[in-house]
Amino acid sequence: MASIIILDELTANQIAAGEVVERPVSVVKELVENSLDAGAGKISLDISDGGLKEITVIDDGSGMEEEDLPLAFERHATSKIKSAADLNRITTLGFRGEALPSIAAVSRVTVTTRPHNCISGMRVEIKGGVLMSKGAFGHPAGTTVQVDDLFFNTPARKKAMKNAATEGGLCADLISRLALARPDVSFELRVKGRRVFFAPGTGNIIDAVAAVYGAGQSREMVPVQVKGENFRVRGYAGKPTLHRSSRSYQTIIINGRYVRCPAITTALEEVYRNMIPAGRKPAAVLAVDIDPLLLDVNVHPAKQEVRLLEEERVAGLIAEALKAALSDGFAVPALKKVPPTTMRTWGIEPYKESPVQMPFAFPVAKNTKAMEIPGEAAECRAVYSPSPEKAFPELIPIAQLMPTYILARGSEGLYIIDQHAAHERILFEKFLGRAMSVGSASQALLIPAMIELTPREAEILISEILWLKDAGFIVEHFGGNTFLLRGVPVYFPTGREKDIFIDMLSIFEKPGARLERNDFLARLSTRLACIEAVKSGGKMSIQAMEELLGQLARAEKPLACPHGRPTIVHISYRELDSRFKR
Ligand code: ADP
Ligand code: MG
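Per our numbering, the sequence shown runs over residues 43 to 624.
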């Protein structure tokens, strides 16, 4: 017969830790939130080995009374609510009383604290959830929580961690977001003693924005403001010239809490849709203060997602405010019309050879999904290994089907080509071929580009600098999170080195195994190809289409773009006949 037992406190805490303490950044979040709840005006952090070796958070908040300190490590012990009735009016970041016991169950924690009205401080040491020592200890008013050897007693969890740069980068990113959420609090982050981030805590969002994005980039942002019935929004939005490949430059804050709010994100991106290139993401810091009754915070507690109850109204007003801010003070650059002469080539050099004529098994229109399309890394190997069979029918372009398709006829029927995907494939192979052959050869920039990075980007850059050097990038530390880009690989497109370089850092951002050199070059080439390729919506002349198809015919792997999407779909004459019931 099964017998039910009640788990002991330590086991229960270890189980809870599995949910609360996923990785070092979760510890940082809980500790900093506790400091903020304790009313701190100044919070400084020390991190080493991505937080796995040490995370120390020092605050000047309320401190803890002698009798409260051991209680803080009991499960469901909190000073923030007294009863269920309080749940409806929570103003603190924490209230479940689970963080400290969970963290203490999977690390060595030392807490030293002194309330403002006490003359002496106190310290406790806890290892794997067990109290090791307790006693009087000198400390300035406030609290220091030091977490050493995270996951020392849960080896499987420890093994699941990424490298220190990735984990440290996540911590730096979180601190930047919290600094944007609480511009009234001063934040300092040191990694192995080196200061990587400092926000002065002046109370002005723009000072926090400058601390996170750099003074130069903060000047590329315009203030946004709107006040409605029971809510208001303040913040900054990037001019259309400031955009990124990911949402890393978007921070949404609701009632002082850094959250995800899909409704606001959608409204924001919609406003920029025709102002910035397709696929790019705008920059914005938007702080919403709203009546808590209009919020549903229980959508996704772990992911910090928030839903607004009057979503459309609020998102609509935010969109209006953004439009007003963007049209104020400077002109939104209109999308440039490309003169017909440059339109013709799109950087596609005319080809001389005639394409190989051969019947070829294209993915047919009805079952494109069934085709196995290799990912970019696999593609990359395919390109530099002995080359696969090449075959391509002669295609004659008939017309362009807006926004992105080329219709072509061949001896086997109708072919529909995605112009962007096809061009990406061609450029990808060109860039990768050059990247593989030139090694670390570099071209110096005439004027070195000043690169201002977020703390997270700076962490990544520093940890990958040898790598980047090996690929032909010459970067110099300028001070703080500012760097000088002095050289780029010889095949790099000219004119936009700085933006492409910053974007490229996100290749290393994805938590995952360390990149192999060839995978890095393949990903870099994929980015470059995507940036340079003719866009969806770009008008092409018949001649330009001919050139594009000719070059695709000569590609090593013409059937898929480097992201793995098909470049071409075939509808045979037989298929057409059967559809017309001939
Ligand atoms: P919660 O934040 O949900 O209340 P925690 O486990 O994070 O639970 O913390 C437990 C209690 O310990 C808090 O309610 C608070 O009273 C106290 N505490 C934790 N960190 C600090 C700090 N930095 N300063 C003052 N008190 C703190
Ligand atoms: Mg807490």
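Glycine residues also receive a C-beta, built at the ideal position from the N, C-alpha and C atoms.
Any heavy atom of the ligand ADP closer than 7 Å to the beta-carbon of residue i?
i, result
"Lys122", "yes"
"Gly210", "no"
"Asp333", "no"
"Val187", "yes"
"Met106", "yes"
"Arg156", "no"
"Ala80", "yes"
"Asp101", "yes"
"Ala206", "no"
"Asp88", "no"
"Ala183", "no"
"Ala597", "no"
"Asp110", "yes"
"Arg138", "yes"
"Ala114", "yes"
"Ala119", "yes"
Between which two residues does the beta strand (DSSP E) carrying residue i extend?
i, result
"Phe626", "Not covered by the structure: residue 626. The range shown for the chain is 43 to 624."
"Ile440", "Ile438 to Leu443"
"Val530", "Thr524 to Pro531"
"Gly270", "Met263 to Gly270"
"Ile168", "Met164 to Lys169"
"Thr244", "Taken as a continuous stretch (DSSP letters only), Thr244 belongs to no beta strand (DSSP E), as it is neither H nor E."
So what's residue i in DSSP terms, helix, strand or just coil?
i, result
"Glu395", "Summary for Glu395: the model assigns pLDDT 32, below 50, so the residue's position carries little reliability, and this model does not support an answer."
"Gln485", "strand"
"Phe402", "Because Phe402 carries a pLDDT of 38, less than 50, the predicted location of this residue cannot be relied on, and the following value inherits that uncertainty. Correct three-state label for Phe402: coil."
"Gly93", "helix"
"Glu64", "coil"
"Met546", "helix"
"His181", "coil"
"Asp512", "helix"
"Leu49", "coil"
"Thr609", "coil"
"Lys581", "coil"
"Ser77", "helix"
"Arg236", "strand"
"Gly455", "strand"
"Asp82", "For the sequence presented, residue 82 should be read as Ala rather than Asp. Looking at Ala82 - three-state DSSP - the assignment turns out to be coil, as it is neither helix nor strand."
"Asp190", "strand"
"Lys323", "strand"
"Thr536", "coil"
"Thr293", "strand"
"Ser620", "helix"
"Gly258", "helix"
"Glu418", "Because Glu418 sits at a pLDDT of 37, beneath the cut-off of 50, its placement in the model cannot be relied upon, and the following sentence gives the value as read from the coordinates. DSSP places Glu418 in helix when its eight states are reduced to three."
"Tyr426", "Model confidence at Tyr426 stands at a pLDDT of 30, short of 50, so the residue's coordinates are unreliable and nothing is read from them."
"Glu506", "coil"
"Phe115", "coil"
Taking the alpha helix (DSSP H) that residue i belongs to, which residues open and close that run?
i, result
"Arg589", "The sequence shown places Glu at residue 589, rather than the Arg named in the question. Its alpha helix (DSSP H) spans residues Ile584 to Ala595."
"Ile97", "Per DSSP, Ile97 belongs to no alpha helix (DSSP H); it is in the beta strand (DSSP E), Glu96 to Asp101."
"His465", "Gln461 to Val480"
"Gln346", "First-last for Gln346: undefined, no H or E at that position."
"Lys365", "Glu353 to Ser369"
"Gly211", "Ala206 to Ala223"
"Thr308", "Pro304 to Tyr314"
"Lys201", "Pro197 to Lys201"
I want to check one thing, is the minimum distance from the CB of residue i to the heavy atoms of the ligand SAM below 7 Å?
i, result
"Asp128", "In the structure on display, the ligand SAM does not appear, and the ligands it does have are the ligand ADP and the ligand MG."
Would a C-beta distance cut-off of 8 Å place residue i and residue j closer than the cut-off?
i, j, result
"Gly136", "Glu75", "yes"
"Phe273", "Ile318", "no"
"Leu222", "Val254", "yes"
"Leu364", "Val327", "no"
"Gln593", "Ile468", "yes"
"Leu111", "Ala119", "no"
"Phe470", "Pro604", "yes"
"Ser484", "Ile438", "no"
"Ser288", "Ser578", "no"
"Asp101", "Ile85", "yes"
"Thr154", "Phe194", "no"
"Ala477", "Leu563", "yes"
"Pro324", "Ala279", "yes"
"Leu487", "Val530", "yes"
"Thr185", "Gly105", "yes"
"Pro497", "Ala206", "no"
Are the C-beta atoms of residue i and some chain B residue less than 8 Å apart?
i, result
"Phe515", "Protein chain content of the structure displayed is limited to a single chain, and chain B is not contained in it."
>> Considering only heavy atoms of the ligand MG and the C-beta of each residue, which residues fall inside 6 Å, strictly closer?
In response: Glu72, Glu75, Asn76, Gly136 and Ala141
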